[in-house]
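Written out below as structure tokens is the structure these notes cover.
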Amino acid sequence: MRPKLIAVGVGPGAPDLLTLRAVEKIRSARAIAYTANRRGESYARTTASGWISPEAVEIPLPFSMSPDRAARLQARREAARRIRSALALYGEIVFLTEGDPLLYSTWQHLLPAVARNCEIEICPGISAMSAAACASEFPLAIEEETLIVASAASALPRLSDWLAQGETVVLYKAAKRLGEISSILDAAETPIRAILVERCSDSSQRILTDPKSWNDSERAYFTIVFLKAERPEKETAHEN
Ligand SMILES: C[S@@+](CC[C@H](N)C(=O)[O-])C[C@H]1O[C@@H](n2cnc3c(N)ncnc32)[C@H](O)[C@@H]1O
Numbered sequence: 001m002r003p004k005l006i007a008v009g010v011g012p013g014a015p016d017l018l019t020l021r022a023v024e025k026i027r028s029a030r031a032i033a034y035t036a037n038r039r040g041e042s043y044a045r046t047t048a049s050g051w052i053s054p055e056a057v058e059i060p061l062p063f064s065m066s067p068d069r070a071a072r073l074q075a076r077r078e079a080a081r082r083i084r085s086a087l088a089l090y091g092e093i094v095f096l097t098e099g100d101p102l103l104y105s106t107w108q109h110l111l112p113a114v115a116r117n118c119e120i121e122i123c124p125g126i127s128a129m130s131a132a133a134c135a136s137e138f139p140l141a142i143e144e145e146t147l148i149v150a151s152a153a154s155a156l157p158r159l160s161d162w163l164a165q166g167e168t169v170v171l172y173k174a175a176k177r178l179g180e181i182s183s184i185l186d187a188a189e190t191p192i193r194a195i196l197v198e199r200c201s202d203s204s205q206r207i208l209t210d211p212k213s214w215n216d217s218e219r220a221y222f223t224i225v226f227l228k229a230e231r232p233e234k235e236t237a238h239e240n
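Below, the structure written as structure tokens:
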């Protein structure tokens with residue numbers, strides 16, 4: 001039988017925001033892999049910890065967020081190598097990934113390196129975008145609206161145009177770009193509704209609606225931003 005690699009999205013952090021399918025996959029896993037930092041910490045593993053069997057073999061994998069591309073590639077290659085060896089040993093592995101597996105996820109980097117000789121299954125998870133939008137009551141899209149989801153770094157050159165066109169914008173990986181985002185909002189011709197959600201679904205979750213209170217150095221890596229030009233009240237009222 002071909003070995004099988006199952007990616008399981010564990011949601012944004014709260015242990016009760018896993019799907020029933022995710023819980024079932026984790027509970028029945030004999031071998032569980034996840035990326036961990038140098039201290040061995042893994043957000044995905046912590047989120048799923050209540051459902052990991054004490055008998056399961058755990059496979060922490062190296063992970064690098066270094067600005068040095070070579071260091072990041074090296075960590076991914078090593079992670080893929082360990083997954084391949086573990087697949088040969090255990091036949092089936094559950095890989096835990098934060099949020100949804102196909103949205104800005106480490107899983108997407110590992111997949112091409114390990115997928116050739118094994119079966120793949122992907123179990124969706126609640127994304128940070130969905131959870132944070134619900135937590136902050138920020139409507140993502142309705143009727144014919146467009147929703148733009150981008151990493152903050154790649155969005156910056158186009159952000160003012162998107163907002164001027166009335167698009168709703170979700171910025172992932174926003175923590176280190178808040179100063180630049182605030183400057184764009186200051187320069188916008190129409191008022192922009194701006195919401196920052198930090199550590200969504202965790203007990204330390206924060207929702208900040210005034211960009212003046214956003215501060216790069218204080219925000220956690222788990223920070224997401226929602227932006228949309230305010231609509232004139234008259235227009236909103238007519239549409240009800
Ligand atoms: C590597 S991406 C993981 C995205 C994840 N796969 C998803 O589906 O949402 C990490 C980025 O997701 C966002 N993020 C993930 N979890 C979050 C949370 N609990 N609260 C706020 N933002 C979060 C942040 O923008 C963070 O920089």
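Anchor point for the sequence shown: position 5 equals 5 in my numbering, and the numbering is continuous, going up by one each time. Each residue gets a CB set at the ideal place from its N, CA and C atoms; glycine is no exception.
Open item on the list: Shorter than 7 Å, the distance from the beta carbon of R199 to the closest heavy atom of ligand 1, or not?
Closed with: yes
TODO: List the whole-angstrom C-beta distance separating A246 from L18, where the pair is believed to meet the contact cut-off of C-beta under 8 Å.
DONE: For the chain, the structure presents residues 1 to 240; residue 246 sits outside this window and is missing.
TODO: In angstroms with no decimal places, state the Cα-to-Cα distance between C123 and E92.
DONE: 14 Å
TODO: Report, in whole angstroms, the separation of the C-beta atoms of L178 and L227, which I expect to be a contact under 8 Å.
DONE: About 12 Å; that fails the 8 Å criterion.
Open item on the list: Would G125 and G9 be called neighbours here (beta carbons separated by less than 8 Å)?
Closed with: yes
Open item on the list: To the nearest angstrom, how far is the alpha carbon of T168 from that of L140?
Closed with: 7 Å
Open item on the list: My assumption, with CB atoms under 8 Å, is that A229 sits in contact with I192. Please give the rounded CB distance.
Closed with: 6 Å
TODO: Report yes if the CB atom of A44 is closer than 8 Å to the CB atom of V94, and no otherwise.
DONE: no
- [ ] Check whether the Cβ atoms of A79 and P67 sit closer than 8 Å, and answer yes or no.
- [x] no
Task: Contact set for A113: own chain, Cβ-Cβ below 6 Å, skip 5 residues either direction - done: A80
TODO: Check whether the Cβ atoms of P101 and A22 lie closer than 8 Å to each other.
DONE: no
TODO: Would you mind giving the Cβ-Cβ distance between A131 and P15, rounded to the nearest angstrom? I have them listed as a contact below 8 Å.
DONE: In fact, because the Cβ distance is near 13 Å, the residues do not count as touching under 8 Å.
- [ ] Could you check how far apart the C-beta atoms of I224 and A128 are, in whole angstroms? I think they sit under 8 Å.
- [x] 5 Å
- [ ] Determine the DSSP secondary structure at K176, reduced to helix, strand or coil.
- [x] helix
TODO: With R21 as the anchor, note down where its alpha helix (DSSP H) starts and where it stops.
DONE: 20 to 27
Task: Own chain, CB closer than 7 Å to R84, minus 5 neighbours either side, in chain order - done: V114
Task: Check whether C118 and L87 have beta carbons under 8 Å apart - done: yes
TODO: Can you grab the Cα-Cα spacing for the pair R76 / E189, in whole Å?
DONE: 43 Å
- [ ] Could you give the DSSP three-state label for N240: helix, strand or coil?
- [x] Because the pLDDT at N240 is just 45, under 50, the model does not fix this residue reliably, and the value given afterwards should be weighed accordingly. Three-state DSSP puts N240 in coil, outside helix and strand.
Open item on the list: Would you say the beta carbon of S127 is closer than 7 Å to some non-hydrogen atom of ligand 1?
Closed with: yes
Task: Boundaries of the alpha helix (DSSP H) in which E78 is found, first to last residue - done: 69 to 90
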